[in-house]
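Numbering (our numbering), first residue to last: 32 to 166. Positions of the beta carbon are idealized from the N, C-alpha and C atoms, including for glycine. It should be emphasised that the depicted structure is a prediction, and the values quoted were computed from it without experimental measurement. Notes follow the structure.
Structure follows, in C-alpha cells:
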C-alpha cells in the first residue's frame with residue numbers, strides 16, 4: 032500500500048490510504064493515511080450504516096488538508112465497540128501459549144466475483160483493463 036501510494040505521489044497525484052491495521056500502515060509509511068480502529072474488512076464503516084460510512088469517508092478525506100507531514104497517520108474518532116471486546120477474538124490466541132489458535136471468522140473465498148446487488152453484476156465489465164477477475 033505505501034509503496035504504491037508513494038509511486039503515485041511521485042507522479043504528482045495526491046494519495047490517502049484508509050486503514051484499519053495501524054501497525055502495518057505505520058510500517059509501510061504511505062504519504063498520508065487515515066486509520067479507523069475497526070475490524071479488518073470494515074475499514075469504511077459497519078455494513079448498511081450509510082450515515083456512518085459517509086461520515087467516516089468525509090473525515091478520512093479531510094486528511095488531504097489536515098496531514099501536512101509525509102508518513103503521518105490521522106486516527107479517525109470512530110469505535111467499533113466502546114469496550115474494544117471485539118479485539119479479543121481476533122487478537123488473542125484461544126488459550127495461553129497457543130499462538131495462532133484463535134478462531135477464524137472469515138468467510139470462504141469464491142472463484143467468481145461476488146456482487147452486493149444483481150445490478151452490480153450486470154454492469155461489471157469483464158474487459159476492464161484495471162480490474163482483476165479470478166475466473
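Residue 95 sits in a helix when the DSSP states are folded into three classes. Between residue 74 and residue 54, the CB-CB gap reaches or exceeds 7 Å. For residue 57, the enclosing alpha helix (DSSP H) has its first and last residue at 53-59. Closest by C-alpha distance to residue 79, out of 155, 152, 147, 151, is 147.
Inclusion of residue 114 and residue 105 in the CB contact set at 7 Å is not warranted, their separation being larger than that value.
Less than 7 Å divides the Cβ of residue 109 from the Cβ of residue 67.
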